[in-house]
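Trainee: Quick one: the structure is below, and I'll ask about it shortly.
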Amino acid sequence: MQNFKFIDLFCGIGGFHQAMESLGGECVFASDIDEDCRKTYKANYGIEPAGDITKIEAKDIPEHDVLCAGFPCQAFSKAGKRLGFEDETKGTLFFDICRIMEFHKPKYALLENVRNLASHDHGNTWKVIHDRLKKLGYNLLSEPVIFSPHYIGIPQHRERVFIMCIRNDIGNIKPFSFDTKKIPSSSIETILQNEDEIPNVQEYHISKDMVNLIDLWNKFIQSIKVDKLPGFPIWTDRLCELDPNEDLSQYPDWKQNFIRKNNELYLNNKRFINSWLKQAQKNPLFFGAKAKLEWQAGNNGTPDIWNQIFQLRPSGIRVKVNSYFPALVAIVQTSIIGSRRRFLTPRECARLQSFPDTFQYDVKPAQAYKQFGNAVNVDCAKLFANHMFNK
Ligand SMILES: C[S@@+](CC[C@H](N)C(=O)[O-])C[C@H]1O[C@@H](n2cnc3c(N)ncnc32)[C@H](O)[C@@H]1O
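So for the sequence shown, the numbering used here puts the first residue at 15; every next one is plus one.
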């Protein structure tokens, strides 16, 4: 495929645009309901995306060879099937993709969605999507393909569903297989900026109290006597004696289990934990989620949070092994790089999504993080576009 025309639905900041343009495509239409995304898109590609796709008639969209869409996942009405409705997808954004495909009959369509789409509504959502695309006259694989950038050496774990469609008269989609036993190793170092390249680098540094808090947690995980660090969250409110007046049966099983395990950890390390808690409570940040720790970084060598990646989540400080980042997400839970004692920068997020360094992201970091969190990884989009075009 060369010199083809594509449209970019739910375009966001144009992950598909980057991929298709690099393969020789020309964008003839884009749409996104979000004004900030539209501004970023215009600044980078010179195209003003249209707004709400539900309000756009298919006839007003130019002819195109390829339709791209990373659409929000929504449940389809079960009543639709039961009551014999013509189209179960009505009222969902997938329906808008279908009506545009029905009108324009592009040669190809490449769709992306969250991993959950594969199992959503006990598989019904995938079945409806699959059957509807078939009915529209497209060949596609019978199972959703799940893929993550870390499968191709990009240090981000981000499993997503990719759906490749080819018009019946053109060909079939070759089966896609990937040996997950052959995942190349990746390193976060490949996407990190040097400190002197980061404008206003101090804005990304964590506070002194935060450094002190992580030092405290490090002391905790390095001092407690355990065979291996607990896989359950360490919840400091429960590092104490059990209260005989508290009826644990009022809690669900998982919570009872978790309270008992924290109590056991306390009883085995009572002296250390009592003195540690006294010290920890002096840190003004030591409350709520920051007084909980989830260690998910394995048990090799001396545990050290500063050698890993961590996030501040409502469930606690979650520490992950430093070979790849957890998926960027639209809500703000930006990862902290232990060795750099700072948050990931927007440029590093761009790199994790395989956007080129020439990409101009939103000047408001919160918007930039959100937009990269929503985007499709460019190299993954390219890989599936190539697979689809090569029939
Ligand atoms: C998962 S993101 C897709 C991101 C895109 N693939 C990228 O690479 O940046 C879904 C996008 O759909 C947009 N959206 C949601 N409802 C919409 C609608 N009714 N019309 C147009 N866009 C919509 C959201 O604003 C969001 O940017």
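Where is the CB? At the ideal position from N, CA and C, for every residue including glycine. Model, not experiment: these values are computed from the prediction.
1) Output the distance between the C-alpha atoms of I205 and Q381, rounded to the nearest integer angstrom.
2) Exposed or buried, which one is V80 when buried takes at least 16 other CB atoms within 10 Å?
3) Taking 7 Å as the line, does the beta carbon of D46 fall inside it for any heavy atom of ligand 1?
4) If I follow the unbroken beta strand (DSSP E) through G137, where does it start and stop?
5) Grab me the residues of L299's own chain with a C-beta within less than 7 Å of its C-beta, minus the 5 sequence neighbours each way, in chain order.
6) Nearest-angstrom Cα distance between A395 and G29?
7) Of all Cβ atoms in chain C, is any one closer than 8 Å to the Cβ of D79?
8) Taking all protein chains shown into account, decide if P158 is buried (16 or more other Cβ within 10 angstroms of its Cβ) or exposed.
9) What beta strand (DSSP E) runs, 3 residues minimum, are completely inside the segment 134-172?
10) To which residues does DSSP link D22 through a beta bridge?
11) Taking 7 Å as the cut-off, is the CB of L107 close to at least one heavy atom of ligand 1?
12) CB of F176 to nearest heavy atom of ligand 1: below 7 Å?
13) Check whether the segment 64-78 touches the segment 108-126, counting contact only when three or more Cβ pairs, one atom from each stretch, lie closer than 8 Å.
14) On the three-state DSSP scale, how would you describe P76?
15) Evaluate D229 with the Cβ neighbour count: other Cβ atoms within 10 Å of its Cβ, from every protein chain shown; 16 or more gives buried, anything less gives exposed.
16) Taking the alpha-carbon positions, what's the I180 to Y122 distance?
17) Does the beta-carbon of N208, which I'm using as the reference point, lie nearer than 7 Å to any heavy atom of ligand 1?
18) Looking at the secondary structure, which residues open and close the alpha helix (DSSP H) in which R327 lies?
19) May I ask which residues mark the beginning and end of the alpha helix (DSSP H) holding K222?
20) Give me the Cα-Cα distance between F9 and A303, rounded to the nearest whole angstrom.
21) In whole angstroms, what separates the C-alpha of T68 from that of G39?
22) Taking a contact to mean a Cβ-Cβ separation below 8 Å, would you say G312 touches P247 in this structure?
23) Under the criterion of a Cβ to heavy atom distance below 7 Å, does V159 qualify as lining ligand 1?
24) Whose C-alpha, out of N214, I273 and V377, is nearest the C-alpha of D261?
25) Taking 8 Å as the cut-off, decide whether the C-beta atoms of A44 and I21 are in contact.
26) Are the Cβ atoms of P340 and S349 separated by less than 8 Å?
27) Hey, how far is the Cα of F324 from the Cα of K148?
28) Less than 7 Å between C-beta atoms, sequence neighbours within five positions excluded: which residues of the same chain meet that for D318?
29) Around the Cβ of P120, are there at least 16 other Cβ atoms within 10 angstroms (buried) or fewer (exposed)?
30) Cβ-heavy atom distance between F373 and ligand 1 below 7 Å?
Mentor: Checking against the coordinates, here is how it stands:
1) Working through the sequence shown from its first residue, we reach residue 205 at position 191. Working through the sequence shown from its first residue, we reach residue 381 at position 367. For I205 and Q381, the gap between their C-alpha atoms comes out near 20 Å.
2) What you label residue 80 is simply residue 66 of the sequence shown in a count that begins at 1. Its Cβ being crowded by 16 or more others within 10 Å, V80 is buried.
3) Taking the sequence shown and counting its residues from 1, the one referred to as residue 46 is at position 32. Correct: D46 has its Cβ closer than 7 Å to ligand 1.
4) As a first step, residue 137 is located in the sequence shown; it is residue number 123 there, counting from the start. Per DSSP, G137 belongs to no beta strand (DSSP E) and is neither H nor E.
5) The sequence position of residue 299 within the sequence shown is 285, counting from 1. Correct list, in chain order: D223, M224 and L227.
6) The residue labelled residue 395 in the question sits at position 381 within the sequence shown. The residue labelled residue 29 in the question sits at position 15 within the sequence shown. A straight-line Cα-Cα distance of about 8 Å links A395 and G29.
7) Looking for chain C here will not work: only one protein chain is present.
8) Here residue 158 is taken as the residue at index 144 of the sequence shown, counted from 1. Result: buried.
9) Scanning the segment 134-172 from its first residue to its last, the whole beta strand (DSSP E) runs of 3-plus residues come out as 159-161.
10) As a first step, residue 22 must be located in the sequence shown, where it is residue number 8. BP columns for D22 point to A44 and C82.
11) Taking the first residue of the sequence shown as 1, we reach residue 107 at position 93. Yes, since a heavy atom of ligand 1 falls inside the 7 Å radius drawn around the Cβ of L107.
12) On the sequence shown, residue 176 is found 162 positions in, with the first residue counted as 1. No, the beta carbon of F176 sits no closer than 7 Å to any heavy atom of ligand 1.
13) Contact between the segment 64-78 and the segment 108-126 is present: three or more C-beta pairs spanning the two stretches fall below 8 Å.
14) Numbered from its first residue, the sequence shown carries residue 76 at position 62. For P76, the secondary structure class from DSSP, reduced to helix, strand or coil, is coil.
15) Position 215 of the sequence shown, counted from the first residue, corresponds to residue 229. D229 comes out exposed.
16) Translated into positions along the sequence shown, residue 180 becomes position 166. Translated into positions along the sequence shown, residue 122 becomes position 108. Distance between the alpha carbons of I180 and Y122: 5 Å.
17) As a first step, residue 208 must be located in the sequence shown, where it is residue number 194. Not a single heavy atom of ligand 1 lies less than 7 Å from the C-beta of N208.
18) In the sequence shown, the residue the question calls residue 327 occupies position 313. Membership of R327 in any alpha helix (DSSP H) is not indicated; the residue belongs instead to the beta strand (DSSP E) covering I323 to R327.
19) For the purposes of this step, residue 222 is taken as the residue at position 208 of the sequence shown. K222 to S237 is the extent of the alpha helix (DSSP H) around K222.
20) This structure gives no information on residue 9, because the portion of the chain shown stretches from 15 to 405.
21) The residue you call residue 68 lines up with position 54 of the sequence shown. The residue you call residue 39 lines up with position 25 of the sequence shown. When rounded, the distance between both Cα atoms is 25 Å.
22) Working through the sequence shown from its first residue, we reach residue 312 at position 298. Working through the sequence shown from its first residue, we reach residue 247 at position 233. No, the pair does not count as a contact, with Cβ atoms beyond the cut-off.
23) Within the sequence shown, numbered from 1, the residue matching residue 159 stands at position 145. Incorrect: V159 has no Cβ contact closer than 7 Å to ligand 1.
24) As a position in the sequence shown, residue 261 is number 247, starting the count at 1. If we check each option's Cα against that of D261, I273 comes out closest.
25) In the sequence shown, counting from the first residue as 1, residue 44 sits at position 30. In the sequence shown, counting from the first residue as 1, residue 21 sits at position 7. Note that the C-beta distance between A44 and I21 is below 8 Å.
26) By 1-based counting over the sequence shown, the position of residue 340 is 326. By 1-based counting over the sequence shown, the position of residue 349 is 335. In contact: P340 and S349 (Cβ atoms closer than 8 Å).
27) Here residue 324 refers to the residue found at position 310 of the sequence shown. Here residue 148 refers to the residue found at position 134 of the sequence shown. Going by C-alpha positions, F324 is about 43 Å away from K148.
28) Position 304 of the sequence shown, counted from the first residue, corresponds to residue 318. N232, listed in sequence order.
29) The residue you call residue 120 lines up with position 106 of the sequence shown. Looking at its Cβ environment, which holds 16 or more other Cβ atoms inside 10 Å, P120 is buried.
30) In the sequence shown, counting from the first residue as 1, residue 373 sits at position 359. No, since every heavy atom of ligand 1 falls outside the 7 Å radius drawn around the Cβ of F373.
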